[in-house]
Structure formats: structure tokens, C-alpha cells
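**Q** For the numbering used here, count along the sequence shown from 1 and bump the result up by 2.
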Amino acid sequence: MKLFVDAKSSKQGDGSRENPFKCINDAAKVAAPGDEILVMPGIYRENVCPVRAGLPDAPIVYKSVEPLGAVITGAEPAKNWELYQDTVWRMSVDNGIFADYNPYTTFIYGDWYMGSKIYHTGVVYLDDRQMYEVSSLEECIKAEVYPYSWEPEYSRYKWYTEQKENKTIIYANFLGKNPNEENVEINVRRNCFMPVQNGIDYITVQGFNINKAAPTWAPPAAYQDGMIGPHWSKGWIIEDCDISNSRCSGISLGKYYDEENDHYFTKNHVKSPTQMERDAVCRGQYHGWTKEKIGSHIIRRNNIHHCEQAGIVGRMGCVFSVVENNNIHHINNMQQLIGAELAAIKFHAAIDVVIRNNNIHHSTMGIWLDWEAQGTRISGNLFHHNNAPSEDTPLMFGAMMCQDVFVEVSHGPTLIDNNIMLSQTSVRIASQGVALVHNLFLGALTGIGGGTDNIANGVIERRYTPYHIRHETEVAGFMTILHGDDRIYNNIFVQNEPVKEAEVTEDMGFTTVNNNICGTEIFDSFLNYQTWIDQFDMDHLPDMTALQDYHFRSLPVWINGNVYLNGARSWKLEKDKFVDHTHKVTVELIEEGNQYRLKTNLAQVLKDYTTGMICTQTLGKAFEPDEYFENPDGTPIIFDRDYFSEHRSINVIPGPFADLAKAEDGLWY
């Protein structure tokens with residue numbers, strides 16, 4: 003059945019074409035499996051809460067009839083401003099509009115939030131951009147540049163809030179603009195499209211503009227909400243949408259609410275947040291975290307931007323999902339929210355998740371895979387400008403390091419292949435069991451061998467994390483991170499940044515080495531497989547006491563067939579490699595409208611160099627889960643397709659392009 007919704011309807015209807023519903027929620031209340039809700043262009047100021055699930059072969063489809071013509075917003079127009087002083091204006095809002103959730107009394111805080119200042123989930127928007135909250139009226143009046151912002155001049159647009167006699171008072175500095183004549187809004191709703199209940203499965207959301215909501219901070223051991231999300235269910239499709247201006251996260255594929263483990267560290271102080279993350283995994287098993295009930299979502303062809311925690315966030319609820327063909331950009335550019343959950347995509351427990359063919363840029367971090375990146379594949383993505391816009395932009399204490407991809411405290415197998423990584427740092431590996439195959443790296447590999455363990459009471463406290471039954475959520479075991487077990491084949495490394503001395507830093511109790519030399523030299527302390535296995539004396543009966551030291555040393559690495567240019571450096575044991583420090587190699591990203599291409603002389607420098615074809619058998623199994631680098635369905639991978647899905651012949655060229663002549667073709671449209 004087709005149900006029709008039109009915000010411009012003169013009265014409430016019955017959902018027919020002739021007499022449409024006025025609100026999307028009215029259609030949601032009656033929709034049954036197989037129904038299609040057709041939403042006409044207009045602005046829908048509501049939080050859509052689906053109450054019925056679809057079926058695998060009969061989803062409930064919510065569709066904007068005109069692509070992006072139907073706008074679901076968490077904001078309301080803000081008029082009736084009164085001039086307070088100079089360029090500062092004042093308005094008063096009756097708290098009745100907020101019902102049981104007032105964003106201007108709700109704070110952004112919780113586990114893994116590191117900010118020295120605590121902000122509200124509320125926001126003032128000027129012309130569809132978030133203004134900067136400050137802690138006092140005096141700061142609002144001064145309107146000084148916020149030094150940590152990636153958009154410093156715009157950071158002078160300030161706002162401040164206080165409560166008085168059941169009213170929310172908002173002061174805002176519009177720097178000479180008259181807010182009564184401008185497009186000014188404030189967010190008043192927590193979400194735009196999210197069920198209240200768990201298990202509302204098989205929903206498709208297609209073609210909407212979703213913006214300006216006030217979700218809360220979403221760490222891994224807490225309820226995770228966003229402007230839109232499935233709320234602990236299965237089989238959602240979110241496609242062809244524009245999702246922007248969330249105070250925290252845009253899309254949540256995250257964790258359910260667990261009363262006994264929700265911000266436990268923040269509320270009770272007595273157990274570490276790392277311990278509560280382990281508990282969340284185990285409790286999730288009890289609360290239905292299985293392949294049959296949770297995950298398998300599809301997030302595709304969306305434009306996700308200008309959110310301040312994450313474009314897409316998800317702990318456990320993201321399993322078995324596909325994230326593809328999205329443009330995700332300008333995440334956490336305001337730099338007001340500080341903590342360990344900031345990235346264009348931030349997933350914990352991304353078991354068998356495939357992230358492919360996305361354009362991820364201008365964000366604090368591209369993709370952050372934290373814990374249990376088992377069977378996760380990052381393939382065919384374009385990463386660029388995932389770093390501060392200037393060397394002079396300071397980093398606030400507690401702020402996250404910038405890179406295209408961060409894999410943290412996972413046991414693998416985690417596969418990163420056929421990507422173009424152009425930011426200052428390419429991949430941070432505070433983990434093990436990672437395979438890098440056929441990528442182009444302009445930035446360094448960093449964090450190798452560190453960043454996994456806490457320093458407490460002057461001693462190292464090892465973080466141990468779960469690994470799982472192959473292609474399932476059930477926990478198979480827990481182990482500390484030994485490091486190594488990495489495979490690096492057929493990549494191109496180009497030193498594109500000035501070489502600096504490696505910097506040892508301590509953050510959140512973790513010590514890490516920030517390397518900026520492109521290449522694999524950072525693995526020089528790791529053994530190859532043969533030297534490593536010889537330590538275990540395989541020809542004799544095992545002596546547990548004699549071998550126990552080796553059980554807790556780093557695992558071996560496999561590195562071969564890579565290209566090193568402009569001073570990029572290789573692993574000392576790599577046999578088959580191409581090194582050219584004579585010719586100056588250029589790789590420049592050219593943006594033409596919404597299209598990107600490379601300008602490069604790689605083909606002229608590499609000439610006829612070829613290497614071998616890589617497949618699942620080449621890569622073998624990740625050590626702890628004993629799982630191959632393979633597809634989510636358990637079938638093997640042959641890396642015979644490049645970034646463009648073009649076929650690789652027997653003469654394999656390193657890097658993401660089967661034909662280097664096509665490296666200058668359009669990368670993203």
C-alpha cells in the first residue's frame with residue numbers, strides 16, 4: 003500500500019493521494035510491512051519514530067518523492083530577537099516546546115569525553131551553520147576567534163544560554179547581522195528519524211534532507227543515538243539522503259540502552275571505561291547481539307557533513323553492514339567537542355563491516371575502527387584533508403590525532419585495500435592483524451608497536467580485547483595486543499611531508515610514537531615469519547616454561563612488493579621492492595566542482611615495475627581469531643580488481659590502479 007504525506011496539506015488526512023497525512027509520524031503509526039510512505043516536498047519539523055518493523059522481503063519504505071525535497075529537521079525558526087548590546091541579540095523560549103528533552107539544559111558529557119569545557123546539545127544555526135557556544139555572556143560579547151577551530155573567522159559567531167523562570171534565554175553575537183532578517187534556527191528535538199523501541203527491523207529511508215538535531219554524546223558503553231538510526235535492529239537502508247548539522251552524530255548504528263552499563267565510569271567512577279567496554283560486549287550477548295537479530299544495514303549514496311562528533315557512529319549495532327558511495331566530510335571542524343569518539347566514521351566491533359567507495363575528507367579523522375575490527379574491510383575509498391588546515395592550528399589537550407584510518411586494539415583480520423590516502427598521516431595501527439594491500443599512501447604509517455596499553459600506578463596495564471567466532475558475534479576469547487601480525491603488499495608510498503623526528507606522546511594514559519616517515523621502516527623491529535616460528539622449536543615437544551616469553555612477544559610481519567618514492571623508507575627485510583629517491587614524484591589532488599582527479603607522474607617513474615598477485619591464501623590467517631582475510635561470507639578474495647573495479651592482469655602494478663595511465667581519471671563524482 004502507498005501512504006502519502008504532505009506538509010502543505012490544509013488539514014490532517016487519511017494517507018490517500020487525495021487526502022494525505024500532514025505528518026510523517028501519522029503514516030509511521032499505520033504503516034505495515036511492504037508499505038511505501040511517499041513524502042511530498044516540504045519541511046517536516048518532527049521526530050519520526052517508526053513503530054512497526056518491515057520484513058526481509060517486504061521492508062517499510064519512507065521515500066522523499068522529490069530527492070532531498072522533504073526536509074526532516076530537529077530545529078525551529080528562531081525569530082523575535084531583541085538587540086541586547088552592540089552586535090549581541092537576545093531571545094527567550096518557553097521550555098514547553100522541549101517537552102521532556104531540553105537541549106539547552108542537556109550537556110554533552112560522558113565516558114571518553116575529554117573536553118575541558120562541557121557544552122549543551124543545543125545549537126544556534128545561522129544560515130545552516132552551527133554557531134559557537136561559550137560559557138559566559140562576556141565571551142559572547144567579546145566574540146574572539148576560537149584558536150582551535152578549523153574555520154577560525156567563523157568561530158567569532160558566538161552564543162550563550164541560561165535558564166530563567168522556566169524559560170531558555172539565548173544570547174547570540176551575529177557580528178552585525180540582524181537575526182530577524184536572517185535564516186536563524188535553534189534545535190529543539192533530540193532526533194529526526196529514530197525508533198524509540200529496539201527491533202524495528204527492515205526500514206528503508208530514501209532521499210530525505212535530515213538536519214539540525216540535538217543527539218547526545220555517544221561513547222561505546224552507553225546508549226548511542228544520532229539524528230537518524232535503527233536503534234538496535236536489523237536490515238535498515240539509509241540512502242540518497244543529505245545528513246548534516248548534528249550537534250553530535252549524524253547516523254547512529256549504535257548500542258542500545260543498558261541501564262546497568264550506561265556511562266558507568268562517568269556515573270560511578272570506580273571502574274575504568276575500558277573494563278565497562280568489555281562488559282558491554284559480554285552483556286550484549288545476553289541482550290540479543292547476534293547476526294540473526296542485529297546489524298546488516300546499508301548506508302549508501304548519502305552526503306553526510308558538518309556533524310561535530312561523527313558522521314556515522316556505532317558500537318556493536320553496525321555488524322555485518324555495508325557503508326558505500328557516501329560523501330562524508332567536515333566532521334568535528336569546530337573542534338569544540340573533544341574526546342575519543344571523533345571521526346567521519348567511528349565504529350567499535352565492526353565485525354564483517356564493508357566500507358567501500360566513499361569520499362572521506364576534511365575531518366579530524368577519516369575512519370576509526372576501535373576494538374573488534376574482525377573481518378572489517380576498507381576498500382576503494384578516497385581520503386584527503388583529514389588533518390588540520392594549517393600547521394599553526396593548535397591541538398587542544400585531549401583532542402584526537404589526525405589520520406585517514408585508525409585501527410585500535412583489534413586482533414584482525416582487518417583489510418585495507420585499493421584506497422587513495424592523501425592526508426598527512428595515512429594509517430595509525432595500535433593493533434594487530436591488519437593487511438594493507440594495493441593502496442597509495444602520501445602519509446606515514448604510525449602508532450606501530452604502541453598506543454594499546456594504559457600506564458597506571460607507574461606500571462603498564464595491558465588492555466585485553468575480545469575476538470570472535472568467525473563471521474559471528476559470539477565471543478571466542480580475550481587477549482592483549484601483541485602487535486605485528488600485519489601484511490603489507492603492493493602499496494605505493496610517497497613521502498609527501500617534510501621529515502621530522504618521531505615524537506613520543508602520552509595521551510589518555512597511552513604512550514605512542516608518532517612517526518612521520520612514509521613507508522615500512524617503522525616495522526624494522528619486527529621479525530619475519532621464519533625467524534619468529536623458529537623460536538618455538540617445532541621439532542621437539544613444547545616446554546611451556548621455556549616458550550612462555552615468546553608467547554608475549556610481537557608477532558611477525560609480511561612485507562613485500564611495495565614502492566618507495568621521494569625518500570619513503572622500506573622494511574629492512576623486504577626482498578621485492580621498488581625504490582627511487584632520484585626522481586621527484588608529484589601526486590596532487592585536483593578538485594573541479596564536485597569531481598576529483600589526480601595529477602601525477604607516477605607512471606613515468608615506475609615504468610615497467612610489476613609484482614605478484616595477492617589473494618586470501620597469500621595473506622593467510624590473523625593470529626588470534628584464526629580467521630582468513632576473506633569476504634564476510636567466508637569466500638576467498640583475489641585482488642584482481644582496482645580502485646575503479648578495473649581488472650588486474652598477470653603483470654600486477656603496485657598501488658590502487660591496474661593501469662597507471664588511468665590514475666588521472668576522475669576519482670569521485
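Note that beta-carbon positions come from the ideal geometry of N, C-alpha and C, so glycine has one too.
Would you identify the three-state DSSP class for D372, choosing helix, strand or coil?
**A** Indexing the sequence shown from 1 puts residue 372 at position 370. Correct three-state label for D372: strand.
**Q** Alpha carbon to alpha carbon, what distance is there between Y162 and E141?
**A** Translated into positions along the sequence shown, residue 141 becomes position 139. Translated into positions along the sequence shown, residue 162 becomes position 160. So the alpha carbons of these two residues sit roughly 8 angstroms apart.
**Q** Counting only runs that start and end within the region 351-434, where is the beta strand (DSSP E) found for 3 or more residues in a row?
**A** 356-358, 361-363, 367-372, 378-381, 384-386, 405-410, 416-419, 427-432
**Q** In the DSSP output, which residue or residues are listed as bridge partners for L484?
**A** The residue given as residue 484 occupies position 482 in the sequence shown. BP columns for L484 are empty, so no partner.
**Q** Measure the alpha-carbon distance for N564 versus N389 and round it to whole angstroms.
**A** One-based indexing of the sequence shown puts residue 564 at position 562. One-based indexing of the sequence shown puts residue 389 at position 387. Approximately 25 angstroms between the Cα atoms of the pair.
**Q** Using 7 angstroms as the threshold, is the C-beta distance between F195 and V50 below it?
**A** Along the sequence shown, read from residue 1 onward, the residue named residue 195 stands at position 193. Along the sequence shown, read from residue 1 onward, the residue named residue 50 stands at position 48. Yes; because the gap between Cβ atoms is below 7 angstroms, this pair is in contact.
**Q** Specify the secondary structure class of D227 as computed by DSSP and reduced to three states.
**A** As a first step, residue 227 must be located in the sequence shown, where it is residue number 225. DSSP, reduced to helix, strand and coil, places D227 outside both helices and strands of the structure shown, so it counts as coil.
**Q** For E463, which residues from the same chain have a beta carbon less than 6 angstroms from its beta carbon, with the 5 sequence-adjacent residues on both sides left out?
**A** Here the question's residue 463 lines up with position 461 in the sequence shown. Closer than 6 angstroms at the Cβ level, and outside the excluded window around E463, lie N456.
**Q** Taking the Cβ atom as the reference point for each residue, do N420 and Y204 lie within a distance shorter than 7 angstroms?
**A** On the sequence shown, residue 420 is found 418 positions in, with the first residue counted as 1. On the sequence shown, residue 204 is found 202 positions in, with the first residue counted as 1. The Cβ atoms of N420 and Y204 do not sit closer than 7 angstroms to each other.
**Q** Could you tell me the alpha carbon to alpha carbon distance between P734 and T123, rounded to whole angstroms?
**A** No answer is possible for residue 734: the residues shown for the chain start at 3 and end at 671.
**Q** On the three-state DSSP scale, how would you describe R92?
**A** The residue given as residue 92 occupies position 90 in the sequence shown. The answer is strand: DSSP assigns R92 an E or B state.
**Q** Which class does E48 belong to by DSSP, given the choice of helix, strand or coil?
**A** Locating residue 48 in the sequence shown gives position 46, where the first residue counts as 1. Coil, per DSSP.
**Q** In angstroms, rounded to a whole number, what distance separates the CA positions of E261 and P217?
**A** Working through the sequence shown from its first residue, we reach residue 261 at position 259. Working through the sequence shown from its first residue, we reach residue 217 at position 215. Their backbone Cα atoms lie some 18 angstroms apart in a straight line.
**Q** Mind checking whether D281 and Y225 have CB atoms under 7 angstroms apart?
**A** The sequence position of residue 281 within the sequence shown is 279, counting from 1. The sequence position of residue 225 within the sequence shown is 223, counting from 1. It is not a contact, given that the beta carbons lie outside the stated cut-off.
**Q** Counting C-beta neighbours from all protein chains within 10 Å, is the total for Y115 16 or more, i.e. buried, or is it exposed?
**A** Residue mapping note: residue 115 aligns to position 113 of the sequence shown, counting from 1. Y115 should be labelled buried.
**Q** Taking 7 angstroms as the cut-off, decide whether the C-beta atoms of N200 and K81 are in contact.
**A** On the sequence shown, position 198 is the one that residue 200 refers to. On the sequence shown, position 79 is the one that residue 81 refers to. The answer is no: Cβ separation not under 7 angstroms.
**Q** Determine the direct distance from the alpha carbon of D37 to that of A570, and round the result to whole angstroms.
**A** Looking up residue 570 in the sequence shown gives position 568. Looking up residue 37 in the sequence shown gives position 35. Their backbone Cα atoms lie some 56 angstroms apart in a straight line.
**Q** How far does the alpha helix (DSSP H) with I535 in it reach, from first residue to last?
**A** Locating residue 535 in the sequence shown gives position 533, where the first residue counts as 1. Start and end: 531-536.
**Q** Rank I592, G71, G98, V607 by C-alpha distance to the C-alpha of N168 and give the top, closest one.
**A** By one-based count along the sequence shown, residue 168 stands at place 166. Ranking the options by Cα distance to N168, first place goes to G98.
**Q** Bridge partners of F528, per DSSP?
**A** Taking the first residue of the sequence shown as position 1, residue 528 is located at position 526. For F528, which the question treats as bridged, DSSP gives no partner whatsoever.
**Q** Is C617 helix, strand or coil by DSSP?
**A** In the sequence shown, residue 617 corresponds to position 615, counting from 1. Per DSSP, reduced to three states, the secondary structure at C617 is strand.
**Q** Give the secondary structure of N21 by DSSP, where H, G and I count as helix, E and B as strand, and everything else as coil.
**A** For the purposes of this step, residue 21 is taken as residue 19 along the sequence shown, with counting starting at 1. Three-state DSSP puts N21 in coil, outside helix and strand.
**Q** Using CA atoms only, rank isn't needed, just tell me which of F525, L40, D28 is closest to P52.
**A** Sequence index remark: in the sequence shown, residue 52 carries index 50 (1-based). Per the Cα distances, D28.
**Q** Compute the beta-carbon to beta-carbon distance between T378 and L371, rounded to the nearest angstrom, for a pair I have assumed lies under 8 angstroms.
**A** In the sequence shown, the residue the question calls residue 378 occupies position 376. In the sequence shown, the residue the question calls residue 371 occupies position 369. Beta-carbon to beta-carbon, T378 and L371 are separated by about 6 angstroms, close enough to satisfy the 8 angstroms threshold.
**Q** Rounded to whole angstroms, what is the Cα-Cα separation between Y466 and Q337?
**A** To locate residue 466, count along the sequence shown from 1; it is residue 464. To locate residue 337, count along the sequence shown from 1; it is residue 335. Roughly 30 angstroms between the two C-alpha positions.
**Q** In the DSSP output, what is G297 paired with across the bridge?
**A** Here residue 297 refers to the residue found at position 295 of the sequence shown. In DSSP, G297 forms a bridge with K236.
**Q** The alpha helix (DSSP H) that contains T547, what's its start and end?
**A** Here residue 547 is taken as the residue at index 545 of the sequence shown, counted from 1. Residues 546-553.
**Q** Check each candidate in Y258, V207, I212 and name the one with the smallest Cα separation from P222.
**A** On the sequence shown, residue 222 is found 220 positions in, with the first residue counted as 1. It is Y258.
**Q** Label A60 either buried or exposed according to how many other C-beta atoms from any shown protein chain fall within 10 Å of its C-beta, with 16 as the threshold for buried.
**A** Along the sequence shown, one-based indexing puts residue 60 at 58. So A60 counts as exposed.
**Q** For the candidate residues N270, D354, N247, whose alpha-carbon lies nearest to that of G636?
**A** Position 634 of the sequence shown, counting from 1, holds the residue named residue 636. Nearest neighbour of G636 by Cα position, chosen from N270, D354, N247, turns out to be D354.
**Q** Are the beta-carbon atoms belonging to H350 and R303 less than 7 angstroms from one another?
**A** Locating residue 350 in the sequence shown gives position 348, counting from the first residue. Locating residue 303 in the sequence shown gives position 301, counting from the first residue. Going by C-beta atoms, H350 is not nearer than 7 angstroms to R303.
**Q** Thinking C-alpha only, which one of V429, S298, H470, K119 is nearest F625?
**A** In the sequence shown, residue 625 corresponds to position 623, counting from 1. In terms of Cα proximity to F625, the closest of V429, S298, H470, K119 is H470.
**Q** Provide the residue span of the beta strand (DSSP E) that contains L5, from first to last.
**A** Looking up residue 5 in the sequence shown gives position 3. Residues 4-7.
**Q** To the nearest angstrom, how far is the alpha carbon of Y159 from that of E84?
**A** Numbered from its first residue, the sequence shown carries residue 159 at position 157. Numbered from its first residue, the sequence shown carries residue 84 at position 82. Roughly 17 angstroms separates the two Cα atoms.
**Q** Go ahead and pull the three-state DSSP assignment for D582.
**A** On the sequence shown, residue 582 is found 580 positions in, with the first residue counted as 1. Three-state result, D582: strand.
**Q** Which residues bound the beta strand (DSSP E) around K601?
**A** Start at 1 with the first residue of the sequence shown, and residue 601 comes out as number 599. Secondary structure note for K601: its beta strand (DSSP E) is the uninterrupted segment 597-602.
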